[in-house]
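*Asks:* Going by this note's numbering, the final residue of the sequence shown carries number 244, and the count climbs one at a time with no gaps. Pasting a structure here, questions to come.
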Amino acid sequence: PSGCEILFAIGAGDKIAARTDFCNFPMEAENIKSVGGFDGKTLSIETIVSYEPDLVYGSKGMHDFLKESCDQFGIELFLSSADSVQDVFDEISLMGTKTGCEKNAEQLVSEMKAGFEKLQKKTAKLSDKKRKSVYWETWNAPFMSVGSTSFINELIHISGGKNIFADITDQAYPIVSEESILARNPQVIILPFGDISEVSNRNGWQYLSAVKNKKIYNVNDDIFSRPGPRILEAAETLSELLK
């Protein structure tokens with residue numbers, strides 16, 4: 002989905018022969034035929050090959066299994082592994098080169114960099130004490146959050162917050178214990194999924210600063226979880242929530 006957004010953002014949307022079911026932005030993407038879901042259980046290499054692509058654009062870890070088949074059919078495979086804002090810029094530029102949309106990609110990256118620089122000027126001088134502590138709930142069965150190697154951790158920092166699990170350095174999306182969440186007492190809770198009232202009613206959570214001060218927010222997961230053109234929008238939205 003992030004790759005689809007990148008291609009449309011640089012003016013290469015008309016080069017997309019097929020997409021996955023989850024490639025739903027911009028709206029024009031839904032007019033493109035789908036090869037199925039996002040993981041290996043729903044993707045068929047035969048279906049992909051039937052579209053005669055020059056390039057298969059996937060995600061590292063999720064789509065590594067396609068490498069052997071793509072090599073066999075002489076199809077280039079690019080697996081995205083954007084773990085930082087700079088990685089997103091680099092990927093946009095690379096796709097500009099691969100699709101002949103270099104100028105559009107260069108302009109998009111320039112605009113995004115300007116937006117991030119403007120945002121960072123507002124938050125760079127914030128001391129650690131003035132930064133609100135943030136618990137980002139990736140999932141709740143089991144509890145999962147974001148570690149320091151996730152681009153979301155970077156977005157939290159740029160936006161003026163501090164991730165309560167930034168000390169986890171070996172996993173981008175670690176499983177965490179409920180006890181550790183309660184012990185770290187976040188001032189803000191961000192929910193890409195889930196219900197605010199359900200979080201408030203969890204046993205023991207009523208004592209958290211975020212719950213007592215009603216600082217629990219639902220955000221659009223598509224905007225926040227995809228390392229693509231909309232990460233600036235995500236950072237700006239998060240900055241407003243952290244005021």
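Each residue gets a CB set at the ideal place from its N, CA and C atoms; glycine is no exception.
1) Quick check on residue 141: does DSSP put it in helix, strand or coil?
2) I need the DSSP call for residue 80, collapsed to helix, strand or coil.
3) At a cut of 8 Å, does the region 105 to 124 reach the region 26 to 46 through at least three beta carbon pairs?
4) Would you list the residues sitting across from residue 176 in a DSSP beta bridge?
5) Could you check whether the Cβ of residue 191 sits closer than 8 Å to any heavy atom belonging to the ligand HEM?
6) Enumerate in chain order the residues of its own chain whose CB-to-CB distance from residue 145 is below 6 Å, with the five nearest sequence positions on each side excluded.
7) Taking the runs of the beta strand (DSSP E) that are 3 residues or longer, which of them lie wholly in the region 189 to 241?
8) Under three-state DSSP, which class holds residue 261?
9) For the region 58 to 142, list the beta strand (DSSP E) runs that are entirely contained and at least 3 residues long, ordered along the chain.
10) What span of residues does the alpha helix (DSSP H) with residue 4 cover, start to end?
11) When the Cα of residue 218 is compared with those of 120, 182 and 137, which residue comes out closest?
12) Could you compute how far the alpha carbon of residue 16 sits from the alpha carbon of residue 52?
13) Starting from the C-beta of residue 39, find all residues in its chain whose C-beta is less than 6 Å away, skip the five residues before and the five after it, and write them out in chain order.
14) Report buried or exposed for residue 167, applying the criterion of at least 16 other Cβ atoms within 10 angstroms of its Cβ.
15) Where do the N-terminal and C-terminal ends of the alpha helix (DSSP H) with residue 25 fall, by residue?
16) For residue 54, I'd like the list of residues in its chain whose CB is within less than 8 Å of its CB, leaving aside the five on either flank, ordered along the chain.
17) What is the residue span of the alpha helix (DSSP H) that residue 154 lies within?
18) Anyone know if the C-beta pair for residue 11 and residue 120 falls short of 9 Å?
*Replies:* According to the structure shown:
1) strand
2) strand
3) no
4) 145
5) The ligand HEM is not among the ligands present in this structure, which contains no ligands whatsoever.
6) 139, 174 and 176
7) 189 to 192 and 217 to 219
8) Since the first and last residues shown for the chain are 2 and 244, residue 261 lies out of range.
9) 77 to 81 and 133 to 137
10) 3 to 10
11) 137
12) 12 Å
13) 21 and 23
14) buried
15) Premise fails: residue 25 is in no alpha helix (DSSP H) and is neither H nor E.
16) 18, 19 and 76
17) 152 to 159
18) no
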